[in-house]
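For what it's worth, the numbering used here labels the leading residue of the sequence shown as 8, then goes sequentially. What follows is one structure encoded as structure tokens, with my remarks underneath.
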Amino acid sequence: MMDRETAIRIFKCLSDASRLNIISTLQTGEAYGELLAQRLGLSASTLSFHMKKLEEAGLVASRKEQYYTVYTLNEALTQMRLAELIAGEIPEEDEARQREDAYRKKVIDAFFDGEQLKSIPVQRKKKLIVLEKIAERFTPGQVYEEAALSETIARIHPDYCTIRRDMISEGILRRENGRYVRIR
């Protein structure tokens, strides 16, 4: 399987009309550099520049024959289906989860002093992390009376009304007839 970086390099390389013309010409067979430059109306230095890019991407190979350079198309790569080319490896979900966990810990450390919430974050993403941390004190699906819920939140931060309201608006809690249930 091709890695994502190689696939990106190939796509970047193919985004140039001259390089596409070179590949098209090499599909008929290998060719000397001078002949390619002549056929495509490119200077030797321009052809050399494009060939270097094509070789770096692995689309073309070169070999020396006396004083000349002969270029050959990497047919195995150029015959790949688009789906095979773009199905490169993607960052592991574990890495993304680790980054998210590290960010979550950083936010919790910044806004909590032990069990006490120092302040309610203004930024929604950070506020949601704080609200989810507070919600851990409640069992999902269990019904809580308003007084008991408010008392638990008040032990964390004095503005329990705002926190309770935010937890409802974020879909963490559901309120029915003065009773609350943790949804998530």
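Note that the Cβ used here is the ideal one computed from N, Cα and C, for glycine as well. The model shown is predicted, which means the values in this text are computed figures rather than measured ones.
* Going by CA-CA distance only, name the one from Gly-148, Glu-153, Ile-175, Tyr-151 that's closest to Lys-134. => Ile-175
* Asked: What's the C-alpha gap between Arg-104 and Ile-136?
  -> 14 Å
* To do: Give the straight-line distance between the Cα atoms of Cys-20 and Phe-145, rounded to the nearest whole angstrom.
  => 55 Å
* First and last residue of the uninterrupted beta strand (DSSP E) at Val-150 -> 150-152
* Beta carbon of Glu-12: closer than 7 Å to some heavy atom of the ligand SAM? -> Summarising the ligand content, the structure contains no ligands, and the ligand SAM is consequently not present.
* Which residue's Cα is closest to the Cα of Ala-155: Ile-179, Arg-186, Lys-140? -> Arg-186
* Hey, how far is the Cα of Leu-42 from the Cα of Glu-12? -> 32 Å
* To do: May I ask you to report which of helix, strand or coil DSSP gives Leu-135?
  => helix
* DSSP puts Asp-120 in a beta bridge; with which residues? -> Gln-123
* Asked: For Arg-189, which of helix, strand or coil comes out of DSSP?
  -> strand
* To do: Quick one: residues in its chain with C-beta nearer than 8 Å to the C-beta of Ser-157, no 5 flanking neighbours on either side, listed in chain order?
  => Tyr-167, Cys-168, Arg-171
* Asked: Buried or exposed: which applies to Ile-15, given that a residue is buried once 16 or more other Cβ atoms fall within 10 Å of its Cβ?
  -> exposed
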